[in-house]
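In full-length UniProt numbering, the protein residues as written are 1 to 545.
Ideal placement from N, C-alpha and C gives every residue a C-beta, glycine not left out.
To start, the structure under review is shown below, and the notes come after it.
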């Protein structure tokens, strides 16, 4: 039973099915990559330039001649199995040699014919056919006998003669007739018996098999290592996913708490801003009611046109109307609108060496602060060269508004917001080093004007950085100049004074102590200007008026 099962396993259709046409092999041929397909399937896949891609491993092979598919070696083992399959499935088949319709009992590997008992006997007794390889149904079920069945190949030049020699220089199987004619022993040909040459090939192949087994083992180990790494990655990712989920749960809780805190602060700010306005509104409404009552009373009397009544109440009416007409409308400053921005917050504090507590903490929506000015009401104007904007911020850190600048053209933004200052009318002055210009905004952050002129002349700007405004409204600029290490006005390294409208007034310099890299600048009430020179590591003082 085990023998029959082993035979069934050998003859299973899957092992005898071409992976291209999905049918039983027909003339199976072996590609150099050792994958087997039907000759016709390979011929259909061959390109005009005789190239062929293996359907299994996708390796591209270049064939040598027009009929090269037929020159590919046959798969002996599959051909043998196909013969076994034909014999094994021959219960309903009939002899293919005679027309007796007798039941098949054997198959001839040379003739490729199914034989009945009589034809088998005749085949065995015929001198011309007695050397053919024949296997019977009985032999087919016997593994030792079945293994001896190898089949034969016939010479392509002499169709009825078996190939029994191998010409090594030509790498070709030939028959005995060929060794006398086309492949005669000599300088170009060396035919040897198949068994003799095959033994050498067996030894060489056995050595290569051992090496290949080692390579296969290495590949298996590498594959196992990769599988372990893949498993490790999967496990690690599962662990990290859990960590991420937990982190985001905590982050969500923090964000929700931060949202509640901001909302609570906003509600407090709303109450703080609304309360004085509500009280002011109630006061206005009371005054308005009193005024309207007085007006109605007077207009009614005038409408009745009663002279006695008018003379009797005239003085009272006059006094009351004078009081009502003289009412002033007291208005406290209306707080700016509260805006929310999701920019990154950079916290900066004023530190004190004394033991007194700090003035407070201010949160500003900036990335790189380059300048800071304080308005009279305590509001902050912050220059941010990282975002090329400047912002107006309440003293408690509330962002009121941010401005992206106008640039040289009205629609252009700032290129490099450098410094910011506030004049005595609360106008905001911003210097832009890359665009060599100054822009001015009013207290409501509305754009007013800009002035610029780049060059080496005393009245020209060259990368204005520091900016300050004096008591007369003049604007003092520090220009950092060119990239040279030489100081002086001729290299654009100077202080300039401009009127509020941008008219150049003067250039401040010193012949003996030239500016090198002027940066921050501040003016005093008595007409002095202080400028930071970061290249010379000093602060210089000049008098300019």
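- Under the 8 Å Cβ criterion, the region 485 to 500 counts as touching the region 457 to 470, having at least three qualifying pairs.
- At a Cβ-Cβ threshold of 8 Å, residue 417 and residue 390 count as neighbours.
- With contacts defined by Cβ atoms closer than 8 Å, residue 480 and residue 438 do not form a contacting pair.
- With respect to the C-alpha of residue 323, the residue from 312, 287, 307, 368 having the closest C-alpha is 287.
- Taken in chain order, the complete alpha helix (DSSP H) segments of 4 residues or longer contained in the region 272 to 326 are 307 to 325.
- Classified as exposed, residue 278 has fewer than 16 neighbouring CB atoms from the shown chains inside 10 Å of its CB.
- Runs of the beta strand (DSSP E) spanning 3 or more residues and lying entirely within the region 375 to 402 occur at 380 to 384, 389 to 393, in chain order.
- Annotation for residue 123: the continuous alpha helix (DSSP H) segment containing it runs 117 to 125.
- The continuous stretches of beta strand (DSSP E) do not include residue 105, and DSSP gives it neither H nor E.
- Between the alpha carbons of residue 95 and residue 163 lies a gap of roughly 28 Å.
- Residue 395 places its beta carbon 8 Å or farther from that of residue 384.
- About 4 Å separates the CB atoms of residue 527 and residue 545; that is less than 8 Å, so the two are in contact.
- The three-state secondary structure of residue 435, taken from DSSP, is coil.
- Residue 105 counts as buried, since no fewer than 16 other beta carbons sit within 10 angstroms of its beta carbon.
- By the CB criterion at 8 Å, residue 426 and residue 443 fall inside the cutoff.
- Contact between residue 46 and residue 39 does not hold, since the beta-carbon distance rounds to 11 Å and is not under 8 Å.
- If you draw a straight line from the Cα of residue 321 to the Cα of residue 295, it comes to about 8 Å.
- The C-alpha of residue 285 lies about 37 Å from the C-alpha of residue 441.
- By the Cβ rule, the region 194 to 206 does not count as touching the region 223 to 234, because fewer than three pairs are nearer than 8 Å.
- Measuring C-alpha to C-alpha distances from residue 500 to each of 424, 507, 517, 522 identifies 424 as the nearest.
- At the C-beta level, residue 132 and residue 138 stay beyond 8 Å of one another.
- Residue 78 and residue 16 do touch by the CB rule: their CB atoms are close to 7 Å apart, below 8 Å.
- Looking at 517, 543, 523, the one whose alpha-carbon comes closest to that of residue 534 is 517.
- Scanning its chain for C-beta atoms nearer than 8 Å, with the 5 sequence neighbours on each side dropped, one finds around residue 19 the residues 37, 55, 56, in chain order.
- Taking all protein chains in view, the Cβ of residue 221 is surrounded by fewer than 16 other Cβ atoms within 10 Å, so the residue is classified as exposed.
- Annotated three-state conformation of residue 450 is strand, per DSSP.
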